[in-house]
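Student: If you read the sequence shown in this note's numbering, its first letter stands for residue 127, the second for the next number, and so on.
Quick reminder that beta carbons are idealized off the backbone N, C-alpha and C, glycines included.
The structure's right below; bear with me while I get my questions together.
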Amino acid sequence: MIRAVSIVGMDAETPPGRVVVVIDVIRAFTTAAVAFERGVTEIACAPSVEVGRALHRLLPDRLLVGETNGLKPVDFNVGNSPFEMSAARLDGQRLIQATSNGTLGLARCPDPTALLAVSARNVGATARWIASNHAETPRTLICTGRTAEDWACATYLSGLLNGSAPRRADLIAGIMSGAAEHARCYAQLPASERVDLSNDLRFCCDVDRAEFAMVGDVRKDHVVLAKVPC
127 MIRAVSIVGM DAETPPGRVV VVIDVIRAFT TAAVAFERGV TEIACAPSVE VGRALHRLLP
187 DRLLVGETNG LKPVDFNVGN SPFEMSAARL DGQRLIQATS NGTLGLARCP DPTALLAVSA
247 RNVGATARWI ASNHAETPRT LICTGRTAED WACATYLSGL LNGSAPRRAD LIAGIMSGAA
307 EHARCYAQLP ASERVDLSND LRFCCDVDRA EFAMVGDVRK DHVVLAKVPC
């Protein structure tokens with residue numbers, strides 16, 4: 127039996143008792159996937175930079191990762207960049223990540239049956255994890271951004287979950303369209319506020335590079351992601 131799949135924006139109410147998949151392709155959960163590939167063991171996802179800083183004061187041994195308006199805060203160790211993350215020495219590290227959309231989207235889901243973070247980089251593994259662990263549970267896919275890339279990823283994942291064969295080329299085209307939307311928005315800002323995505327896009331478009339799901343554990347004021355091979 128094919129289970130119902132709902133695709134919604136971040137402002138939608140998510141009913142309890144569903145598998146909830148939170149999508150952020152450019153760039154939060156691409157960055158998270160690259161961090162796990164580089165040897166990170168756990169990512170505490172905070173709904174804001176303020177909560178991220180508070181967690182870091184409690185857990186100062188963890189690296190603080192993320193962005194405000196797309197740019198790395200001065201007191202953070204690493205920005206919200208998969209390119210930057212790919213060059214970091216991370217084996218055995220635990221992170222705290224705080225971003226404007228992706229990590230906030232995770233925190234807005236207080237009572238899911240299961241909670242996952244996804245980008246194009248681990249979309250196939252996410253579909254396999256859901257099929258293996260929650261085949262009979264309805265699913266909600268939350269697009270945390272308004273640009274095309276998250277919706278393209280949601281459409282692709284929905285196709286996988288429903289047993290069809292979505293086209294990878296369509297997903298990549300959606301990511302590139304979303305990146306162009308971001309670029310047009312950034313071009314209207316002062317130079318000091320612009321975000322250069324050019325080095326990150328090859329990571330964002332690398333569909334199914336990561337063969338693991340990123341499964342969330344809801345805590346009081348954040349969500350902890352773990353890497354689950356599948």
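What is the residue span of the beta strand (DSSP E) that PHE338 lies within?
Tutor: As a working note, residue 338 is residue 212 in the sequence shown. From DSSP, the beta strand (DSSP E) with PHE338 extends over 338-344.
Student: Measuring alpha carbon to alpha carbon, tell me which residue in ALA130, VAL134, ARG129 is nearest THR273.
Tutor: For the purposes of this step, residue 273 is identified with residue 147 of the sequence shown, where counting begins at 1. Nearest C-alpha to THR273: VAL134.
Student: Identify every residue that forms a DSSP beta bridge with ARG164.
Tutor: For the purposes of this step, residue 164 is taken as residue 38 along the sequence shown, with counting starting at 1. In the DSSP output, where bridge partners are listed per residue, ARG164 has none listed.
Student: DSSP puts PRO355 in a beta bridge; with which residues?
Tutor: Residue numbering aside, residue 355 sits at position 229 when the sequence shown is read from its first letter. Bridge partners of PRO355: PHE338.
Student: Assign LEU190 to buried or exposed, taking buried as 16 or more other Cβ atoms, counted over all protein chains shown, within 10 Å of its Cβ.
Tutor: Looking up residue 190 in the sequence shown gives position 64. It is buried - the Cβ of LEU190 has at least 16 other Cβ atoms within 10 Å.
Student: Going by beta carbon distance, what residues of the same chain come within less than 7 Å of VAL177, once the five residues before and after it are set aside?
Tutor: Mapped onto the sequence shown, residue 177 falls at position 51. Result list for VAL177: ALA224, ASP347, HIS348, in chain order.
Student: Name the residue from LEU323, PRO141, CYS330 whose alpha carbon lies nearest to the alpha carbon of ARG294.
Tutor: Indexing the sequence shown from 1 puts residue 294 at position 168. Comparing Cα-Cα distances from ARG294 to each of LEU323, PRO141, CYS330, the minimum goes to CYS330.
Student: Taking 8 Å as the threshold (C-beta atoms), are GLY143 and THR239 in contact?
Tutor: Taking the sequence shown and counting its residues from 1, the one referred to as residue 239 is at position 113. Taking the sequence shown and counting its residues from 1, the one referred to as residue 143 is at position 17. Their beta carbons are under 8 Å apart, which means THR239 touches GLY143 by this criterion.
Student: Taking the straight line between their C-alpha atoms, what separation do you get for ASP334 and VAL146?
Tutor: Here residue 334 refers to the residue found at position 208 of the sequence shown. Here residue 146 refers to the residue found at position 20 of the sequence shown. Distance between the alpha carbons of ASP334 and VAL146 is about 20 Å.
Student: Which residue wins for smallest C-alpha separation from ALA138, given the options LEU221, PRO199, ARG234?
Tutor: In the sequence shown, counting from the first residue as 1, residue 138 sits at position 12. Here the closest residue by C-alpha is ARG234.
Student: Considering only the alpha carbon of each residue, which of GLU193, SER132, LEU184, VAL131 lies closest to THR157?
Tutor: By one-based count along the sequence shown, residue 157 stands at place 31. Nearest of GLU193, SER132, LEU184, VAL131 to THR157, Cα basis: GLU193.
Student: Would you kindly report the start and end of the unbroken alpha helix (DSSP H) that includes CYS279?
Tutor: Taking the sequence shown and counting its residues from 1, one reaches residue 279 at position 153. Where CYS279 is concerned, the enclosing alpha helix (DSSP H) stretches over 274-287.
Student: Have a look at ALA159 and ASP322 and give me their C-alpha separation to the nearest angstrom.
Tutor: If you number the sequence shown from 1, residue 159 lands on position 33. If you number the sequence shown from 1, residue 322 lands on position 196. Put simply, the backbone Cα of ALA159 is about 20 Å away from that of ASP322.
Student: Under a three-way DSSP split, which group does LEU315 fall into?
Tutor: Looking up residue 315 in the sequence shown gives position 189. LEU315 falls in the coil class under three-state DSSP.
Student: Under 6 Å Cβ to Cβ from ASN325, same chain only, skipping five residues before and after it: list those, please.
Tutor: Residue mapping note: residue 325 aligns to position 199 of the sequence shown, counting from 1. Hits under 6 Å: PHE209.
Student: Under 7 Å Cβ to Cβ from LEU216, same chain only, skipping five residues before and after it: list those, please.
Tutor: Reading the sequence shown from its first residue, position 90 is the one you call residue 216. Correct list, in chain order: ALA161, ARG164, GLY165, VAL166.
Student: Out of curiosity, what's the CA-to-CA distance linking SER284 and THR140?
Tutor: Against the sequence shown, residue 284 aligns to sequence position 158. Against the sequence shown, residue 140 aligns to sequence position 14. Approximately 17 Å, taken between the alpha carbons.
Student: Name the DSSP bridge partner or partners of GLN223?
Tutor: The residue labelled residue 223 in the question sits at position 97 within the sequence shown. Beta bridge pairing from DSSP links GLN223 with CYS171, VAL191.
Student: Using CA atoms only, rank isn't needed, just tell me which of ARG265, HIS260, SER174, LYS353 is closest to ASN227.
Tutor: The residue labelled residue 227 in the question sits at position 101 within the sequence shown. When only C-alpha atoms are compared, the closest one is SER174.
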